[in-house]
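In terms of the working numbering, the sequence shown opens at residue 254 and continues consecutively. Just so it is clear, CB atoms sit at the ideal spot from N, CA and C, and this is done for glycine as well.
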Amino acid sequence: MTTPTVPLIVHRAEEYTSAGEVFGQMSTDTVTTHSALVAVLTAYKGMAGSDSVGTEWAAGYDEAAQLAISTSSTLATACGQTRDLIVVSAYNHQVAEAAADLRELPAPPMPSLLSDPCLPETAPSAAGDGIPEPFGWSLIKDLVGWAWPNGHQDQLNGAKAAWHTASSDFRTVAGAVPSAVGLLANQQSPEIEIGIQTCNTRQSDLNALADVCQALGDACGEYAHHLDEAHSKILDELKDIAIETVAAETAFAILAPVTATLSEWVGNVALVARITTKARRIATIIAELAAKAAKIVADVVRPLVQRLKPLVEKIRTWVQAARTKFLGRSGPTALYSRGGALTNREVLEGNIGLTRDMDTIEHYAQLAGIDLRGAKIEILDDADTISYLDFQGAIARTDALGVQLGPAAFQDAETLVRTLAHENVHVRQYAEGKINSMTRALEDEAYAAEDGFVDTWRRNTQ
């Protein structure tokens, strides 16, 4: 059996930590962009109006807008957690270097983790009270058969500008990723590859959100344009009705407050016919507006929903895994088994090594004389979780909730025995209340225990 090799580690502490802080600033900038966008959308709630055309457009728009806002909020958290993962990984290297230094250097200060920004994930509906009916509308609305399209084109254009600004800002934030990747690329450690992949994924997510924001802005602007055209045409028709109905502007001003039905004050049959024709034209204008609004929803908005749903779910899954599996449980004071010839991903994707189940664990623990009673053991196999483990350059970890074994712990028999021996020491240390941020002595004790159990395993397998 070949003894597992230990990968060469090249760690440049300041650059490694600086890569994390790039994402810290990205999180801050994303929060700023998100907050500004939500403020505008809140100010322009109801911008599409309450008529049937506006509410139909708003129904499609609202779904996409809510998903975009939720994605933005979650991405702000994801950028912050990416920062935390990088600076914690840099800290772990610093701890290892201090532990290996014969001068017995003091442990480096533990990094502080960012708090989740807890941003709003919803925005008010675009449907709501719109602009008032124009002068003269009450005279012909029963003939038109449609409600006055009372959306507010100025507010729609304001929302367009806000979405486009957010799109530009998210692209700017995404543009910071290469600097972080460059700093990480100067390191040499097993977790660097997955770290760079995580950074590039965040960049891709931000650019995808920027595309969505641009399209939502376009949808607002396009509907505003069609609405403005419809308003202009309708007002022209109403003006013609006013001219034909009264002999002079003054006379129309006198008749306008009257709320009686058309038949009560219009006695000229020919005039009624002309007004009916105008009403039909207005109905056609609104029907055309409805068709254009529906086309915007079908061609622009609904495809955004289909793009956003998997995007936000992917980011939420990542954030939750980071929070519950790593950062949220015990932070950088968790204890790890490091090294191994293969990463967790390589073992999982290649289906390499021992069978990954409790029977295998119990078998090798018994051969090595490792007492696992009282130890809660979890075998990790989901892609997101093992990615974080690889990000830490680890094959297993122990925290207050128990032991988590990555696929790489099972890459061969000796690696599994060493890992079980190592993590079992940490279980005892937790039980005895010895765990604190000064992990050097704790890790020294765990590493020192490995060889004895390996010797026992070898004797029992000869």
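Whether residue i touches residue j by CB criterion (7 Å)
i: residue 654; j: residue 710; result: no
i: residue 411; j: residue 302; result: no
i: residue 368; j: residue 329; result: no
i: residue 668; j: residue 649; result: no
i: residue 559; j: residue 605; result: no
i: residue 427; j: residue 456; result: yes
i: residue 674; j: residue 702; result: yes
i: residue 717; j: residue 487; result: This structure leaves residue 717 out entirely; the chain is present only between 254 and 715.
i: residue 646; j: residue 444; result: yes
i: residue 313; j: residue 680; result: no
i: residue 422; j: residue 286; result: yes
i: residue 546; j: residue 306; result: yes
i: residue 300; j: residue 408; result: yes
i: residue 315; j: residue 378; result: yes
i: residue 557; j: residue 317; result: yes
i: residue 657; j: residue 633; result: yes
i: residue 414; j: residue 275; result: no
Closest by C-alpha distance to residue i, when choosing among the options
i: residue 272; options: 307, 567, 605, 432; result: 432
i: residue 290; options: 467, 307, 700; result: 467
i: residue 366; options: 331, 399, 346, 379; result: 331
i: residue 478; options: 444, 539, 406, 417; result: 406
i: residue 450; options: 462, 460, 434; result: 434
i: residue 298; options: 370, 473, 463; result: 473
i: residue 659; options: 687, 494, 610; result: 610
i: residue 615; options: 536, 601, 631, 475; result: 631
i: residue 573; options: 341, 334, 277; result: 334
i: residue 375; options: 323, 642, 687; result: 323
i: residue 283; options: 296, 321, 269, 311; result: 321
i: residue 265; options: 429, 485, 436; result: 436
i: residue 400; options: 557, 382, 318; result: 382
i: residue 567; options: 493, 275, 454, 624; result: 454
i: residue 325; options: 344, 269, 416; result: 416
i: residue 420; options: 343, 462, 391, 402; result: 462
Spatial distance of residue i from residue j (CA atoms)
i: residue 661; j: residue 348; result: 22 Å
i: residue 670; j: residue 715; result: 15 Å
i: residue 363; j: residue 267; result: 14 Å
i: residue 336; j: residue 677; result: 30 Å
i: residue 570; j: residue 597; result: 19 Å
i: residue 706; j: residue 612; result: 18 Å
i: residue 387; j: residue 531; result: 15 Å
i: residue 489; j: residue 394; result: 15 Å
i: residue 452; j: residue 563; result: 19 Å
i: residue 459; j: residue 288; result: 16 Å
i: residue 528; j: residue 384; result: 24 Å
i: residue 518; j: residue 389; result: Below a pLDDT of 50, predicted positions are generally treated as unreliable, and residue 518, at 46, falls in that range; the measurement from the model is reported next regardless. Using only the alpha carbons, I get a separation of about 14 Å.
i: residue 483; j: residue 533; result: 14 Å
i: residue 480; j: residue 544; result: 12 Å
i: residue 446; j: residue 542; result: 52 Å
i: residue 292; j: residue 491; result: 36 Å
i: residue 713; j: residue 651; result: 27 Å
i: residue 424; j: residue 469; result: 15 Å
Coil, strand or helix - residue i by DSSP
i: residue 335; result: helix
i: residue 596; result: coil
i: residue 541; result: helix
i: residue 652; result: strand
i: residue 631; result: strand
i: residue 625; result: coil
i: residue 658; result: strand
i: residue 450; result: helix
i: residue 647; result: strand
i: residue 441; result: strand
i: residue 546; result: helix
i: residue 379; result: coil
i: residue 389; result: coil
i: residue 435; result: helix
i: residue 428; result: coil
i: residue 398; result: coil
i: residue 273; result: helix
Cβ shell of residue i (< 6 Å), same chain only, five flanking positions each side left out
i: residue 308; result: 380
i: residue 642; result: 597, 659
Cβ neighbours of residue i in the same chain (closer than 8 Å, five flanking residues each side left out)
i: residue 698; result: 678, 682
i: residue 687; result: 695
7 Å CB neighbourhood of residue i in its chain, flanking five on each side removed
i: residue 471; result: 553
Closer than 6 Å: residue i CB and nearest the ligand ADP heavy atom
i: residue 643; result: What this structure holds is no ligand at all, so the ligand ADP is not there to describe.
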